[in-house]
Amino acid sequence: MRRLQQHQLSGAKIGPWSTLRVLTPVAFAGGSLLHFDTYDSVQPLFVMLLIAGPMWLLLTLLASRAPEIRWGYSWLVSWYWLCAGISLLLDGPTQVTPGSLIDAEKFYTQLYLQFTPNSLDDLRKVLEGPLAILVWNYFYEWTVNMGGTHLPHIGVSINIFNMAATGVISAFMAIILYGYDRRRLFILFALFTGCGLFILFATLHVRDSFICLIIAALAALWCAFLVRKDLLSMLLIIAATPLFTFALHYLRYDLNSVPIAFAGVGLAALVAAKDVRRGGERLWINTLLVLGLTAVGFAAATVGADLAQRFERGTGAYVAMADSGAQADSLGMALVVNQPFLLRLIIGPIYVLFMPIPLWGSSLESGATYALAKAIGAVFFYFLVSRLAVTAFVLVSYPQSRRASVLFLFGVFLIFLMAIGATSIESRHIGPFVPLAIVASLAFCDSAALDSKRANYLKMIFLVMIIAHFMWMILKFP
């Protein structure tokens, strides 16, 4: 009888998880049917299972005490698989299109033509993101060698796995920071479900899923160090940083300085949270602080000169799109691109989070999936920003609540948000840092008063966005 009561109580605590476990096979079956309808083959189903299955087994063995992580992983794979099937209905499979300016078509065309470089640098001369191409190509060749066909769903399956694995890493980050909390984990996976950028990264043949995975992994190492402050965590960061720098260099060149930025923000977070005590802290922490700040200073001196060029390049690209007619009357052109740099540094991040304005304003040149995902992403940020606003409120109002790990995640997201707002103002570019923001937004979710404040912030954001849409209509139809 006692066991039955305990089981009932346990079931009551994980009610939302029970619902998610029911929806998971439904979503996966729906995605499988849509893929079968498009390709008239069961190959997509088998490839997806072979790619996602090993991680499921690993989580079953190593995370048996935290089954929510395995459930969340299974759900994300199924959800993104269903979204990929819906994308096939909207746009069809990615086509081989030489000379295309659409990223998904560029990458798949490169793979289909089977360009074999002598090195990553040779491939980078032809197309940016060579590391992603090499990984995709390995699985394409593996499928063909197993008797399969070279079809674009293979690359998409890799992207789905990458985004689901990013969710798992983020869940482990949340456990490191906040302890084992079922409610927090459910909120985390719910936010991963609703993020339009993650849907875009998972369902289109683009490299962003690789960048998401690498940045989340490096952030998890930093969170472990900032919480534990032990020698092993520091050594893992030292070992991983060169590898991740190399990987980011060959995924997106502009992000190869991310590990250095992480070091600067992480060490600044230690100081801001007063976790470094000169007299009582271990010598190696102070040594790391000095070395880290020196590295950041060196990076600022060497990379800083390139920032102006990136700013001009980002502005020029957006103006070119506007001149082509697709976005000439957009609110972004009117309020962001044409502003001075300092003003753009303030307005740009706001626009990055909430673009497109209007929600239906994305061009269909990149496909209906891209436009729909961007619109979903904008609404997603209404909810995420309201959560981050509460995190910022607590960090500012209550100094004793400041933890280096939360400051680190919040700081990294804010810095790169401002950088993107001042350059490309493309919301897709902030996507790889959104997992960090999601984990940071979970910092203070155990208070009814703060839940009420989140709801109030969300109402304010919806009101402001309604006004912004009216402004767009005034600009569009004077």
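Residue numbers (my numbering): 92 to 569. Even glycine gets a Cβ: it sits at the ideal position worked out from N, Cα and C.
Under DSSP, the alpha helix (DSSP H) around residue 107 begins and ends at which residues? 106-130
Taking DSSP as the reference, what is the three-state secondary structure of residue 451? coil
So, are the CB atoms of residue 516 and residue 442 less than 8 Å apart? yes
Cβ pair residue 296, residue 199 closer than 8 Å: yes
For residue 197, which of 457, 505, 137 and 282 has the nearest alpha-carbon? 457
Contact between the region 236-255 and the region 162-170: three or more CB pairs below 8 Å? yes
Between which two residues does the alpha helix (DSSP H) holding residue 465 run? 459-488
In whole angstroms, what is the alpha-carbon distance linking residue 522 and residue 182? 22 Å
When the Cβ atoms of the region 308-316 are set against those of the region 478-490, are three or more pairs found closer than 8 Å? no
Quick one: using the 10 Å Cβ neighbour count with 16 as the cut-off for buried, is residue 411 buried or exposed? Reliability of the predicted coordinates at residue 411 is poor, the pLDDT of 49 falling under 50, and the value obtained from them is presented with this limitation in mind. Classification of residue 411: exposed, given that the 10 Å Cβ count is below 16.
Taking the beta carbon of residue 557 as the centre, do at least 16 other beta carbons fall within 10 Å, making it buried, or is it exposed? exposed
With H, G and I counted as helix, E and B as strand and the rest as coil, what does DSSP make of residue 238? coil
Which of the three DSSP states, helix, strand or coil, is assigned to residue 405? Low confidence applies to residue 405: its pLDDT is 49, below 50, so where it sits in the model is not reliable, and the reading given next is rough at best. Correct three-state label for residue 405: helix.
Does the distance from the CB of residue 450 to the CB of residue 513 come in under 8 Å? no
Sort 239, 494 and 329 by Cα distance to residue 318 and report the nearest one. 494
In terms of residue numbering, what span does the alpha helix (DSSP H) encompassing residue 517 cover? Unbroken run through residue 517: none, as it is neither H nor E.
Tell me, please, whether the region 167-177 touches the region 114-126 by the rule of three or more beta-carbon pairs shorter than 8 Å. yes
At the level of alpha carbons, what is the spacing between residue 184 and residue 130? 9 Å
Cβ contact (3+ pairs, closer than 8 Å) linking the region 466-479 and the region 536-549: yes
Three or more C-beta pairs under 8 Å: does that hold for the region 229-245 against the region 329-337? no
At what residues does the alpha helix (DSSP H) containing residue 568 begin and finish? Counting along the chain, residue 568 falls outside any alpha helix (DSSP H), and DSSP gives it neither H nor E.
How is the alpha helix (DSSP H) around residue 264 delimited, first residue to last? 244-269
For residue 220, name the three-state secondary structure that DSSP assigns. coil
Once you ignore the five residues that flank residue 340 on each side, which residues in its own chain have a CB closer than 6 Å to its CB? 347
Among 145, 567, 138 and 265, which has the Cα closest to the Cα of residue 246? 138
Using the three-state DSSP reduction, which class does residue 151 fall into: helix, strand or coil? helix
Can you give, in chain order, each stretch of the alpha helix (DSSP H) that sits fully within the region 298-361 and has at least 4 residues? 299-319 and 322-340
Are the Cβ atoms of residue 76 and residue 551 separated by less than 8 Å? Since the first residue of the chain shown is 92 and the last is 569, residue 76 is not available in this structure.
Is residue 133 helix, strand or coil by DSSP? coil
Just checking my contact of residue 518 with residue 446 at CB under 8 Å: how many whole Å lie between their CB atoms? 5 Å
Hey, quick one: how far does the alpha helix (DSSP H) through residue 197 stretch, first residue to last? 194-203
Measuring CB to CB, does residue 278 end up less than 8 Å from residue 500? no
Rounded to the nearest angstrom, what separates residue 528 and residue 465 at their Cα positions? 18 Å
Between which residues of its own chain and residue 540 is the CB-CB distance below 7 Å, once the five residues before and five after are set aside? none
Distance, Cα to Cα, residue 239 vs residue 290? 26 Å
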